[in-house]
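Numbering (the numbering used here), first residue to last: 1 to 246.
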Amino acid sequence: MSQSASQSPLHVAIVMDGNGRWAARRGRPGAVVHLAGARAARGVVDAAAREGVGGLTLYAFSADNWRRPDDEVRALMRLFRRYLHGEAARCVANGVRLTVIGRRDRLDPALLHAIAGAESATAGRTRLHLRIALDYSARDALVAAAALPPTALADPRADLAARLGTVLHDAGPVSDVDLLIRTGGERRLSDFLLWESAYAELWFTPTMWPDFDADELRRALADFAARERRFGALPAASTAAPAAHG
Ligand code: IPE
Ligand code: IPE
Ligand code: MG
């Protein structure tokens with residue numbers, strides 16, 4: 001996460017699941033579901049910026065998704081390329097910085113070109129840092145980060161976070177996730193942001209990703225705002241008025 005985004009109040013991460021089931025229920029062909037998913041992403045990015053979210057990380061393609069049929073993988077890669085081409089100008093206009101995290105050595109040159117274009121076009125924007133996770137595996141990233149030489153940072157956690165940022169092609173050290181949302185009804189992480197989500201609040205919804213919208217994002221944010229995060233300490237109320245001794 002960039003410096004500007006890490007100063008912002010909230011990092012939200014979303015596992016955008018349920019596209020296949022959404023299409024199957026409607027008898028829609030694959031191409032339509034991908035477009036619907038991209039439209040949902042656009043709406044959620046706009047809504048996140050409006051709601052003052054500082055960082056938004058969207059899980060678009062996991063390292064394990066290469067196990068899907070070739071035609072689905074090809075369609076997804078085409079969609080990502082089009083999304084990046086199409087969204088860059090919109091991101092610039094909305095103050096959104098767009099970067100891609102994950103492995104790059106297995107992506108085709110046209111997609112790499114689109115990533116470079118979107119990242120450089122949006123580089124100066126600071127309202128919201130949008131990160132798209134592509135060919136992403138948290139465990140592979142941790143393994144690769146552990147194999148890098150140490151940085152000059154004395155704090156071992158900060159050192160690993162910085163190395164993880166390097167491995168993921170992120171602009172700076174990775175930042176903690178505050179709220180992790182998964183659509184599509186499953187309640188699992190599927191190898192997403194394992195390090196960054198150590199104290200993330202989790203929010204699951206049965207809504208399939210193409211139907212997830214600004215209203216539902218607001219509901220998730222409202223639910224998050226009502227939670228008490230303790231990070232291992234006692235609840236705020238019990239530390240505010242310590243019991244008198246003696
Ligand atoms: C997630 O939606 C998108 C990707 C993995 C690329 P799915 O395609 O997994 O949708 P379901 O889970 O089959 O409904
Ligand atoms: C996780 O969804 C990956 C993305 C949403 C990109 P999957 O559909 O691949 O996850 P599993 O296989 O159900 O755990
Ligand atoms: Mg799925």
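Note that CB positions come from ideal geometry on N, CA and C, so glycine has one too.
Query: Endpoints, the alpha helix (DSSP H) within which residue 138 is located; Result: 138-147
Query: Meets three-Cβ-pair contact criterion under 8 Å: the stretch 25-45 and the stretch 165-178; Result: no
Query: Where residue 14 falls: helix, strand or coil (DSSP); Result: strand
Query: Selection from 90, 134 and 50 that minimises the alpha carbon distance to residue 106; Result: 134
Query: Whole-Å CB distance - residue 213 paired with residue 43, under 8 Å assumed; Result: 6 Å
Query: Residues near residue 161 in its chain [Cβ-Cβ closer than 7 Å; skip 5 each side]; Result: 173 and 174
Query: Three-state secondary structure assigned by DSSP to residue 192; Result: coil
Query: Cα-Cα separation, residue 17 to residue 41; Result: 12 Å
Query: Runs of beta strand (DSSP E) wholly within the stretch 10-72 (minimum 3 residues, chain order); Result: 11-15 and 55-62
Query: Beta-carbon proximity of residue 130 to residue 177, cut-off 8 Å; Result: no
Query: CA nearest to the CA of residue 10, picked from 142, 187, 127 and 146; Result: 127
Query: Same chain, Cβ closer than 8 Å to residue 124, five either side skipped, listed in chain order; Result: 97
Query: C-alpha gap between residue 250 and residue 203, whole angstroms; Result: This structure does not reach residue 250, given that the chain is present from 1 up to 246, and the question cannot be answered.
Query: Per DSSP, the bridge partner or partners of residue 99; Result: 131
Query: Neighbourhood of residue 15 by C-beta distance below 6 Å, restricted to the same chain and skipping five residues each side; Result: 59, 182 and 192
Query: Own chain residues within Cβ distance below 7 Å of residue 231, not counting five before or after; Result: 199
Query: Distance, residue 111 Cα to residue 81 Cα; Result: 5 Å
Query: Sub-8 Å separation of residue 48 and residue 179 beta-carbons; Result: no
Query: Integer Cβ distance of residue 118 from residue 84, believed to fall under 8 Å; Result: 4 Å
Query: Residue 40 Cβ short of 7 Å to ligand 2 heavy atom set; Result: no
Query: Candidates 189, 132, 195 and 55: closest to residue 146 by CA position; Result: 195
Query: Beta-carbon spacing of residue 57, residue 13 below 8 Å; Result: yes
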